[in-house]
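**Student:** Sharing a structure here in structure tokens format.
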Amino acid sequence: MPAVVLVGAQWGDEGKGKIIDYLAAEADVVVRYQGGNNAGHTVWAGGRQFKLRLIPSGILYPGTICVIGHGVVVDPRVLVEELDYLERQGVDTSGLRISPAAHLILPYHVALDEAEEDRKGAGRIGTTRRGIGPAYMDKFARVGLRVEDLLEEEVFLEKLAAQVAEKNALLERVYGLPPFKVEEIAAAYLPLAERIRPYVANTVTIVSEAVESGKNVLFEGAQGTLLDIDFGTYPYVTASHPIAGGACVGAGIGPTAIDRVIGVVKAYTSRVGEGPFPTELHDEVGQWIRERGQEYGTVTGRPRRIGWLDLVMVRYARRLSSLTDLALTRLDTLAGLDRIKVCVAYRDRETGEETREFPIGLRALARMEPVYVEMEGWGEEVARATRYEELPAAARRYVELVEEVAGVPVSILGIGYDRQQTIHRRPIFVPRGR
Ligand code: IMP
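Residue numbers (numbering that gives the first Met the number 0): 0 to 433.
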């Protein structure tokens, strides 16, 4: 049985949480490989809403092993808060496994994220201000503290003292902010170590043994393709690799172990934070979609920017992650619009040339204007379909256009918030060597 990677094919918030939750029902192991608590998954299960930021939502299924891999950055306070929250809701968390090599987000990372964003002013990235970028900076500068360090008091105190001294110099001298005290951080964080310790395990062995023994392993990407540090709309990106290759480096498996890659695509586009957005809507249609889709950040509460579906972007996501399937979400949100536009190509404003290739670099992207196909909309009945054939004809035409332009089959359709409101057109966890 296969290893399946699931990635966001846009700028995050594609509705991955629901699809992951849906697939997690069949998964033995669910793995997070990058990002941290900048992600926010809202999952509806049994009429109850769960909000998760760090722990894979597979935890809602008893018996599922949920892994936080090397490539994730872990804020220990958020982790413990999330464990407490789940336990209060009666969720068994014993399936969680945390890599000792995952890097820690510490209070100075959060302070630096804030300070850098504030200093940039209008030029800010619009980060989630959760310390994600600064934690990855320390990882690559090879000065970061890892989960393993938190578990050994002496090591933690020594490394922490060195980092606090450095970060205080930056905070005080560059940003004019108050310094941190080692004792205060230690007093707040060392007690968390005991809460986290039972979950720490060799995740490389756990994940590869699961893959080798034919278990169903689901790798859940956070954020989205266009937020990738290399392939996204740099510098308006996150500090990790949300693309499928990120699963290899963040969880510790080779590319040949991956059988399927699912790209999650929302029926329209949204983004939080700054940066270019070719199909952005500044009119009342955008506002209507935002309200209807409740497009406000799960982590920060910020209103999301809204635009039409951009298939040039989805084609790019297909290339970057070798997508084998798409999950198209939120068809229900668009219900009620008379006309719907879909971007099927870009036109270069300077040369007039049309292309379906996503350009490299912001300046090239800024020259592109969307070429739209306009389609008839559909009504509320979309949310009641139980089979693909029951969808309104206009919605089916939409799905078929996506398949044709993106060049990938739409295997899963999301037509409402509930787990049940999902149409599965092709099995995802099918045996290897078909
Ligand atoms: P950071 O990940 O907090 O450093 O933020 C960098 C960029 O990624 C900002 O534009 C954020 O809004 C965006 N971002 C980070 N996580 C998510 C997410 O889960 N969904 C959507 N956007 C995100």
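Cβ atoms here follow ideal geometry from the backbone N, Cα and C, with glycine treated the same way.
1) Going along the chain, which residues of its own chain have a beta-carbon closer than 6 Å to the beta-carbon of VAL271, five neighbours each way excluded?
2) On the DSSP bridge assignment, give the partners of VAL3 in chain order.
3) In whole angstroms, what is the alpha-carbon distance linking LEU308 and LYS265?
4) According to DSSP, which residues form a beta bridge with GLU279?
5) Taking any heavy atom of the ligand IMP as the mark, which residues have a C-beta closer than 5 Å to it, listed down the chain?
6) State buried or exposed for HIS281, treating a residue as buried only when at least 16 other CB atoms are found within 10 Å of its CB.
7) So, are the CB atoms of ILE441 and ALA238 less than 7 Å apart?
8) With a threshold of 16 other CB atoms inside 10 Å of the CB of VAL343, please say whether the residue is buried or exposed.
9) Identify every run of the alpha helix (DSSP H) within the stretch 161-198, keeping only runs that are complete inside it and at least 4 residues long; order them along the chain.
10) Alpha carbons only, please: which of ILE411, ARG418, ILE67 is nearest the one belonging to LEU325?
11) Could you spell out where the alpha helix (DSSP H) holding GLU352 opens and where it closes?
12) Quick check: the Cα distance between ARG464 and PRO197, rounded to an integer number of angstroms?
13) Just to confirm, are SER56 and ILE19 a CB contact at a threshold of 7 Å?
14) So the beta strand (DSSP E) HIS40 belongs to, where does it begin and stop?
15) Which residue or residues does DSSP assign as beta-bridge partners of LEU95?
16) Give a yes or no on contact between the stretch 189-196 and the stretch 70-88, applying the rule of three or more CB pairs nearer than 8 Å.
17) Under a three-way DSSP split, which group does GLN48 fall into?
18) Look up ASP117 in the DSSP assignment and say whether it is helix, strand or coil.
19) Please say whether LYS214 and ASP27 have beta carbons closer to each other than 7 Å?
20) Mind reading off the beta-carbon distance from GLY94 to ASP112? Whole number of angstroms is fine, and I expect it under 8 Å.
21) Determine the direct distance from the alpha carbon of ALA384 to that of ILE242, and round the result to whole angstroms.
22) With a CB to CB cut of under 6 Å and the five nearest residues on each side skipped, what residues in its chain are close to SER269?
23) I need the DSSP call for GLY413, collapsed to helix, strand or coil.
24) Among VAL398, ALA316, ALA394, THR323, whose alpha-carbon lies nearest the alpha-carbon of ASP337?
25) Could you check if PHE357 belongs to the surroundings of the ligand ADP, using beta carbon to heavy atom distance under 6 Å?
26) Do the stretch 160-171 and the stretch 53-69 touch if we need at least three Cβ pairs shorter than 8 Å?
**Tutor:** Taking the definition as stated:
1) GLY296, ARG301, ARG303
2) VAL3 is bridged to LEU217, ARG259.
3) 8 Å
4) GLY306
5) GLY11, ASP12, ASN37, ALA38, GLY125, THR126, THR127, ILE131, GLY132, GLN222, LEU226, THR237, VAL271, GLY272
6) exposed
7) Residue 441 is absent from the model: the chain starts at 0 and stops at 433.
8) Its Cβ being crowded by 16 or more others within 10 Å, VAL343 is buried.
9) Counting whole runs of 4 or more residues, the stretch 161-198 contains the alpha helix (DSSP H) stretches 181-195.
10) That would be ILE411, whose Cα lies nearest to the Cα of LEU325.
11) Per DSSP, GLU352 belongs to no alpha helix (DSSP H) and is neither H nor E.
12) The question about residue 464 has no answer here: the residues shown for the chain are numbered 0 through 433.
13) yes
14) 40-44
15) CYS65
16) Here the stretch 189-196 lies against the stretch 70-88, with 3 or more beta-carbon pairs under 8 Å apart.
17) Correct three-state label for GLN48: strand.
18) helix
19) yes
20) Wrong, their Cβ atoms sit about 31 Å apart, outside the cutoff.
21) 31 Å
22) ASP12, GLU294, ARG303, ILE305
23) strand
24) ALA394
25) With respect to small molecules bound, the structure shown includes the ligand IMP and not the ligand ADP.
26) no
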